[in-house]
Amino acid sequence: MAKIEYSEYLKKLPVSTLVAESIFSDLSSSCKLYKLSKICKTSSGGTPLRSRIEFYDGDIPWLKSGELNDGLITKCNEFITELGLKNSSAKLQPKGSILLAMYGATAGRVGILDFEASTNQAVCAIFPDEGKLDKDFLYWFLRQHRYKFIEISKGGAQPNISQKVINDTLVPLPHISLQRELALLFFDIEKNDKLDINLIPVQFQDKVNSVFHSKNNVEIISFELKNQLSLISQLRQAFLKEAMQGKLVSNETSDGKTGADLLAEIQTEKEKLIKEKKIKKGKPLPPISEEEIPFDIPENWVWCRLENICIKITDGFHHSVQKVSEGYPYISAMHIRENSIKWDNGIFVPEKDHRELFKKAKPKRDDIIITNRGAGCGTPAIIDVDYEFSFQNAGLIGFVNHLISSKYIYYFIIFQRQSIVEFFVNGGLQPMLSNVMLSKLEIPLPPLEIQNRIVSKLEELMTYCDDLETSVKESQNYNEQLLQQVLREALEVKEVAGEVK
């Protein structure tokens, strides 16, 4: 189990375990405490030599820590032979044994054996003196104690709960009849997965009420903060919608030029570049039909396809390339974020591979790079560097920069991303956005003066949204700390009755 914050642990905690933690914290203040070693015996297992095939595939169940499930263990994934058992530290544990995972991803989890089985060295079997300690009561004590075990044992990449830590753990010991009553209560709450405070023994009701009241209050705040983040996301989309429908800024221009004039100017510039053999002539695309137009735009705007205003729509490597420690920078879909590119990934490709791609794509500053495969398909970013680099699993869109604002097109792709994913991206196991699909994308084209005006206003509004989002996320962090604090205080052992030696 990797290190997690107490608040994250509490969010995933079943009702039954939180009730148990509440009651055990009360018992630790009111009952005498015993070291676990005084009232239990412990035993760990072992692993037969893997090189000895005669030690494996027998009929003796052999459990590993990953199979502990905080419940009844009813199956086993691996078996050893009698010879493997005799020639290792593995021991047969009887049906009904309580097991505790000492390290690995499931460290701190417990289980109850539903059959006789052996275990590896990452599992501790615990046997209570049942005249003093009810076995089911011990099981619930260990379940609710998991985070404390992890806290004591943290330090490495994963917690390592030693037998010493287990044996030194202090266990509250009320009367055996109350132990049995509480164990039955916890099992009942687990079965129904809900809290009925009337079923809690009256002496523990205040504590349980306090813990759940504190948790519920903080969760209400957490829900509201998530709702605020959702509203900010909707606000961003509303601003983008107003912008792309020509409703965000004035559509007056100083020279009276229209989107149609701009489109004609771009076509003239493209024909010039084709004659100069700087770009290739694209395949003619069908005109935009009435059915393809998603919304109305101002009269001085025009609908066109992305291909009509681009001088290149291409993509990166189609095959895996060798990664080297030095060479030309390399990015893939995982490095492209909605508003930035992660250039500090430390991945490079050899010059030979880079030259092969760069000859075709020639990515440059202000081009748009867009993920074209995988879960993030359709995510755009604007290239903000002047040095050469290679890329894979992404498309590249280039413009005549003095005629088109790449930032305007970037905002349009952000606005239409969901539609692009739904209508343009091929389905299947891995979403894919081809160059042809990008070429056909319908674009509402205003005059360049209005593009720049829209971008300027959107930058202002998106900064406003970013500030709002930062504020809410700071509140979320505070709320996480608050959840930890109020529950730690609610579950705090106020006074210790004393340890029985």
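In terms of full-length UniProt numbering, the sequence shown opens at residue 1 and continues consecutively. Every residue gets a Cβ at the ideal spot worked out from N, C-alpha and C, and that includes glycine.
Item: Just tell me which of I341, V385, G282, Q416 has its CA closest to the CA of I313.; Value: G282
Item: Looking only at C-alpha atoms, which of Y464, L433, S406 sits nearest to P446?; Value: S406
Item: With DSSP collapsed to three states, give me the class of S471.; Value: helix
Item: Throw me the rounded Cβ distance for the A361 and G316 pair, which I believe falls under 8 Å.; Value: 7 Å
Item: For N183, count neighbouring Cβ atoms within 10 angstroms of its own Cβ and tell me buried if that reaches 16, exposed if not.; Value: First, the amino acid is wrong: residue 183 is Ala here, not Asn. It counts as buried.
Item: Residue range of the beta strand (DSSP E) that A101 falls in?; Value: 98-101
Item: Check for me: the alpha helix (DSSP H) holding E442 runs from which residue to which?; Value: Careful: E442 lies outside any alpha helix (DSSP H), inside the beta strand (DSSP E) at 442-445.
Item: Measure the beta-carbon distance from F55 to N87 and round it to whole angstroms, keeping in mind my assumption that it falls under 8 Å.; Value: 7 Å
Item: Express the C-alpha separation of Q418 and R337 in angstroms, rounding to a whole number.; Value: 16 Å
Item: Grab me the residues of V110's own chain with a C-beta within less than 7 Å of its C-beta, minus the 5 sequence neighbours each way, in chain order.; Value: L68, D70, I98, L99, L100, Y139, L142, R143
Item: Any heavy atom of the ligand NAP closer than 8 Å to the CB of F415?; Value: Among the components of this structure there are no ligands whatsoever, and the ligand NAP is therefore not found.
Item: Would you mind working out which of L357, I409, K207, S250 sits nearest C304, comparing C-alpha positions?; Value: I409
Item: Between S439 and E271, which are expected to be in contact by the criterion C-beta below 8 Å, what is the C-beta distance as a whole number of angstroms?; Value: 18 Å between Cβ atoms; not a contact.
Item: Only counting the same chain, and skipping five residues up and downstream in sequence, which positions put a Cβ closer than 8 Å to that of D193?; Value: P14, V15, S16
Item: What would DSSP say about R305, mapped onto helix, strand or coil?; Value: strand
Item: Exposed or buried, what is T463 when buried is set at 16 or more other beta-carbons lying within 10 Å of its beta-carbon?; Value: exposed
Item: So, does the CB of K407 fall closer than 9 Å to a CB anywhere in chain B?; Value: This model lacks chain B altogether; it includes just one protein chain.
Item: Is A2 buried or exposed, if buried means 16 or more other CB atoms sit within 10 Å of its CB?; Value: Only weak support exists for where A2 lies, its pLDDT of 48 falling under 50; the value from the coordinates is given anyway. Label assigned to A2: exposed.
Item: Considering only residues of the same chain and omitting the five flanking positions on each side of I311, which have a CB-CB separation below 7 Å?; Value: K270, L273, I279, G398, F399, V400
Item: Distance, Cα to Cα, S475 vs N217?; Value: 15 Å
Item: Tell me, to the nearest whole angstrom, how far the beta carbon of D134 is from that of I176; I am working on the premise that it is less than 8 Å.; Value: 6 Å
Item: If L483 sits next to V211, beta carbons under 8 Å apart, how far is it from one beta carbon to the other, in whole angstroms?; Value: That belief does not hold up - the Cβ atoms of L483 and V211 are roughly 12 Å apart, past 8 Å.
Item: Going by alpha carbons, who is nearest to D114 out of L72, F137, F79?; Value: L72
Item: Can you have a look at K501 and say buried or exposed, based on whether 16 or more other CB atoms are within 10 angstroms of its CB?; Value: The predicted model places K501 with a pLDDT of 41, which falls under 50 and marks its position as unreliable; any figure quoted below should be read in that light. So K501 counts as exposed.
Item: Secondary structure at L33, three-state DSSP: helix, strand or coil?; Value: strand
Item: Could you give the first and the last residue of the continuous alpha helix (DSSP H) run that contains L240?; Value: 202-244
Item: Quick check on this structure: which residue in W301, D59, P431, D136 has the alpha carbon closest to the alpha carbon of E181?; Value: D136
Item: Assign G259 to one of three DSSP states: helix, strand, or coil.; Value: helix
Item: Hey, quick one: how far does the beta strand (DSSP E) through Y408 stretch, first residue to last?; Value: Not the beta strand (DSSP E): Y408 falls in the alpha helix (DSSP H), residues 406-419.
Item: Return the bridge partner residues of W62 from the DSSP annotation.; Value: S118
Item: State the Cα-Cα distance for the pair K323 and S22, rounded to the nearest angstrom.; Value: 53 Å
Item: Please report the straight-line C-alpha distance between A20 and A238, rounded to a whole angstrom.; Value: 47 Å
Item: Could you compute how far the alpha carbon of L396 sits from the alpha carbon of K364?; Value: 10 Å
Item: Could you say which of N160, Q451, L27, K191 lies nearest to S250 if we only look at CA atoms?; Value: Q451
Item: With respect to the alpha helix (DSSP H) encompassing F137, which residues constitute its N-terminal and C-terminal limits?; Value: 135-144
Item: Where W169 and W343 are concerned, what is the direct C-alpha to C-alpha distance, given to the nearest angstrom?; Value: In the sequence as presented, Trp is not what sits at residue 169; that position holds Thr. Whole-angstrom Cα-Cα distance: 49 Å.
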